[in-house]
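Chemist: My questions will all concern the structure given below.
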Amino acid sequence: MTQDNYKSMAKYSSPNPCTWCDGCGDYGIWTAVKRACAELELDPSEVLMCFDIGCHGNMSDKVGGCYRFHGLHGRVLPFAAGAKIANPKVNTIAFAGDGATFSEGMNHLVHSVRSNYPIVCLLHNNENYGLTTGQASAVTRQDTPMNSSPNGIPEATLSPMDLVFSLSPTFVARGTSCDIKQLTEIIKEGIQHDGFAYIDVLQSCPTYNKFMTAEFLREHCYAVGSDYDASDFENARRTAIDTSEKIATGVLYHAKDPRPSFVGRLKSRDGKKSSLVEEVEKGDVGGFMQEMV
Ligand SMILES: Cc1ncc(C[n+]2csc(CCOP(=O)(O)OP(=O)(O)O)c2C)c(N)n1
Ligand code: SF4
Ligand SMILES: [Mg+2]
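Residue numbers for the sequence shown follow my numbering, so the first one is 919 and each next one is one higher.
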């Protein structure tokens, strides 16, 4: 990072102290996202960060400068997509948790991938409901004792990559909270992608996830090499899903000629130079209300 990048990164800082536990992977993700925005030389006024509810969502006032929105549990993707449709010029990043996204917000994830909303989804995958003190989420490994399920959960564990690849995504990546440099590069590529960029971040949660520790991640994850062809869908799908021995990280799939994003396909916006937010004006709904009476 250059001296100028450090200065730009400071534009995204906040006076509020972080409240995450010592060793929490959220610190790494927090650093990587600010660094990515700084290295892309994005002015904070060009960035919107949307947060779900959870430990990760507590980042909403630990970053500053840019636009921020802290929504309801499981609903960050529709908020982020709506904001992007209203103002496509703003780079929009949605921070989501595994608990929220793969349960309450599952429908939103499915429709976000198929809609190809041009936003980044940074999935803080710590394999549990962190904020509510360590309950099992849909991606918690089966048979792992968790708070409120000391014998492990009876349900099968959901594979986020299997799910996302079944929905014809245009961008899929995996990073870890321990490798900030790699995660920064992934986020930069995701921001520049004109479509839905799903980034699964394996995040350590030393307080409640005793299995996927930082040491585990360092030992089991490897970065795909420079000879890896991220435009090969079937190979990407296999590489992403097979975590039996080692876990591939990096940009795993980036469609070469991605289908147009949701915003690019909106016929009603064809040829418009302005954005919806610029078109907002006062209207008289009196007549309409009279008809309703
Ligand atoms: C609709 C709804 N259900 C449940 C909750 C309670 N709740 C708040 S945070 C949370 C857990 C969040 O887990 P996750 O999304 O994985 O985020 P993490 O805390 O792990 O970062 C739960 C269950 C809520 N606020 N709203
Ligand atoms: S409970 Fe886990 S995810 Fe939440 S702040 Fe602590 S270490 Fe981080
Ligand atoms: Mg979680």
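Positions of the beta carbon are idealized from the N, C-alpha and C atoms, including for glycine.
DSSP three-state call for residue 1177: helix, strand or coil?
Modeler: Taking the first residue of the sequence shown as position 1, residue 1177 is located at position 259. Here residue 1177 sits in coil by DSSP.
Chemist: Looking only at DSSP bridge pairs, what is residue 1116 linked to?
Modeler: Within the sequence shown, the letter at position 198 stands for residue 1116. Looking at the DSSP assignment, residue 1116 forms a beta bridge with 1039 and 1090.
Chemist: Would you list the residues whose beta-carbon is nearer than 5 Å to any heavy atom of ligand 3, in the order they occur in the chain?
Modeler: Answer in sequence order: 1015, 1016, 1017, 1044 and 1048.
Chemist: In angstroms, rounded to a whole number, what distance separates the CA positions of residue 969 and residue 1189?
Modeler: Along the sequence shown, read from residue 1 onward, the residue named residue 969 stands at position 51. Along the sequence shown, read from residue 1 onward, the residue named residue 1189 stands at position 271. Taking the straight line from one Cα to the other gives about 32 Å.
Chemist: With a cut-off of 8 Å on the beta carbons, I'd call residue 1169 and residue 1085 a contact; round off their distance for me.
Modeler: On the sequence shown, position 251 is the one that residue 1169 refers to. On the sequence shown, position 167 is the one that residue 1085 refers to. Not quite, the Cβ-Cβ distance comes to about 18 Å (not below 8 Å), so this is no contact.
Chemist: Should residue 938 be listed as close to ligand 2, given that the test is whether its C-beta is under 7 Å from any heavy atom?
Modeler: The sequence position of residue 938 within the sequence shown is 20, counting from 1. It does: the Cβ of residue 938 is within 7 Å (strictly closer) of some heavy atom of ligand 2.
Chemist: According to DSSP, what are the bridge partners of residue 1161?
Modeler: Your numbering for residue 1161 matches position 243 in the sequence shown. The partner list for residue 1161 (beta bridge, DSSP) is empty, contrary to what the question assumes.
Chemist: If you draw a straight line from the C-alpha of residue 1158 to the C-alpha of residue 988, how long is it?
Modeler: Your numbering for residue 1158 matches position 240 in the sequence shown. Your numbering for residue 988 matches position 70 in the sequence shown. Taking the straight line from one Cα to the other gives about 30 Å.
Chemist: Excluding sequence positions up to five away, which residues of its chain have a Cβ less than 7 Å from the Cβ of residue 1070?
Modeler: On the sequence shown, position 152 is the one that residue 1070 refers to. Answer for residue 1070: 1060, 1061, 1062 and 1063, listed in chain order.
Chemist: Go ahead and label residue 986 buried or exposed: buried means 16 or more other beta carbons lie within 10 angstroms of its beta carbon, across all protein chains shown.
Modeler: By 1-based counting over the sequence shown, the position of residue 986 is 68. It is buried - the Cβ of residue 986 has at least 16 other Cβ atoms within 10 Å.
Chemist: Between the alpha carbons of residue 941 and residue 1202, how many angstroms are there, rounded?
Modeler: Here residue 941 corresponds to residue number 23 of the sequence shown, with the count starting at 1. Here residue 1202 corresponds to residue number 284 of the sequence shown, with the count starting at 1. Each residue's alpha carbon lies about 55 Å from the other.
Chemist: Within 10 angstroms of its Cβ, does residue 1121 collect 16 or more other Cβ (buried), or is it exposed?
Modeler: As a position in the sequence shown, residue 1121 is number 203, starting the count at 1. So residue 1121 counts as buried.
Chemist: Please give me, in chain order, every unbroken run of the beta strand (DSSP E) with length at least 3 that falls completely inside the stretch 1001-1059.
Modeler: Runs of the beta strand (DSSP E) inside the stretch 1001-1059: 1009-1015 and 1038-1043.
Chemist: Could you tell me which of 1126, 994, 1115 and 1166 sits nearest to residue 1177, measuring between CA atoms?
Modeler: The residue given as residue 1177 occupies position 259 in the sequence shown. Of the candidates 1126, 994, 1115 and 1166, the one whose C-alpha sits nearest the C-alpha of residue 1177 is 1115.
Chemist: Give the range of the alpha helix (DSSP H) segment to which residue 1083 is assigned.
Modeler: Counting from 1 along the sequence shown, the entry for residue 1083 is found at position 165. It spans 1078-1083 - the alpha helix (DSSP H) in which residue 1083 sits, taken as one unbroken run.
Chemist: Taking 6 Å as the limit between beta carbons, can you name the residues of its chain near residue 1044, skipping five residues before and five after?
Modeler: The residue labelled residue 1044 in the question sits at position 126 within the sequence shown. Cβ neighbours of residue 1044 beyond the five flanking positions: 1121, 1123 and 1127.
Chemist: Should residue 895 be counted as a contact of ligand 2 given a C-beta to heavy atom distance under 7 Å?
Modeler: Residue 895 is absent from the model: the chain starts at 919 and stops at 1211.
Chemist: Taking one C-beta from the stretch 942-961 and one from the stretch 1035-1043 each time, how about it: are there three or more such pairs within less than 8 Å?
Modeler: With a cut-off of 8 Å, the stretch 1035-1043 and the stretch 942-961 count as touching, because enough Cβ pairs lie within range.
Chemist: Please report the Cβ distance between residue 1011 and residue 967, rounded to the nearest whole angstrom; I am assuming they are in contact, meaning their Cβ atoms lie under 8 Å.
Modeler: In the sequence shown, counting from the first residue as 1, residue 1011 sits at position 93. In the sequence shown, counting from the first residue as 1, residue 967 sits at position 49. Between residue 967 and residue 1011 the Cβ distance is about 5 Å, and since that is below 8 Å, they are a contact.
Chemist: Can the beta-carbon of residue 926 be found closer than 8 Å to that of residue 964?
Modeler: Taking the first residue of the sequence shown as position 1, residue 926 is located at position 8. Taking the first residue of the sequence shown as position 1, residue 964 is located at position 46. In this structure, residue 964 does not lie closer than 8 Å to residue 926 by Cβ.
Chemist: For residue 1076, I'd like the list of residues in its chain whose CB is within less than 6 Å of its CB, leaving aside the five on either flank, ordered along the chain.
Modeler: Start at 1 with the first residue of the sequence shown, and residue 1076 comes out as number 158. 1020, 1056 and 1057, listed in sequence order.
Chemist: Might you give, ordered along the chain, the residues of its own chain that have their beta carbon closer than 6 Å to the beta carbon of residue 1005, omitting 5 neighbours on each side?
Modeler: In the sequence shown, residue 1005 corresponds to position 87, counting from 1. Once the five neighbours on either side are set aside, the close Cβ partners of residue 1005 are 1193 and 1195.
Chemist: Using 10 angstroms around the beta-carbon of residue 1074, count the other beta-carbons present and answer buried if the total reaches 16, otherwise exposed.
Modeler: Taking the first residue of the sequence shown as 1, we reach residue 1074 at position 156. So residue 1074 counts as exposed.
Chemist: According to DSSP, which residues form a beta bridge with residue 1167?
Modeler: The sequence position of residue 1167 within the sequence shown is 249, counting from 1. Partner(s): 1141.
Chemist: Starting from residue 967, follow the beta strand (DSSP E) in both directions and report where the run begins and ends.
Modeler: Locating residue 967 in the sequence shown gives position 49, where the first residue counts as 1. Element bounds for residue 967: 965-969.
Chemist: What did DSSP end up calling residue 1207 once you bin it into helix, strand or coil?
Modeler: If you number the sequence shown from 1, residue 1207 lands on position 289. Helix, per DSSP.
Chemist: Please go through the same chain and pick out, in chain order, the residues whose beta-carbon is closer than 6 Å to the beta-carbon of residue 1153, but skip the five residues on each side of it.
Modeler: Locating residue 1153 in the sequence shown gives position 235, where the first residue counts as 1. Excluding positions up to five away in sequence, the list is empty.
Chemist: Between which two residues does the beta strand (DSSP E) carrying residue 1183 extend?
Modeler: Reading the sequence shown from its first residue, position 265 is the one you call residue 1183. Counting along the chain, residue 1183 falls outside any beta strand (DSSP E), and DSSP gives it neither H nor E.
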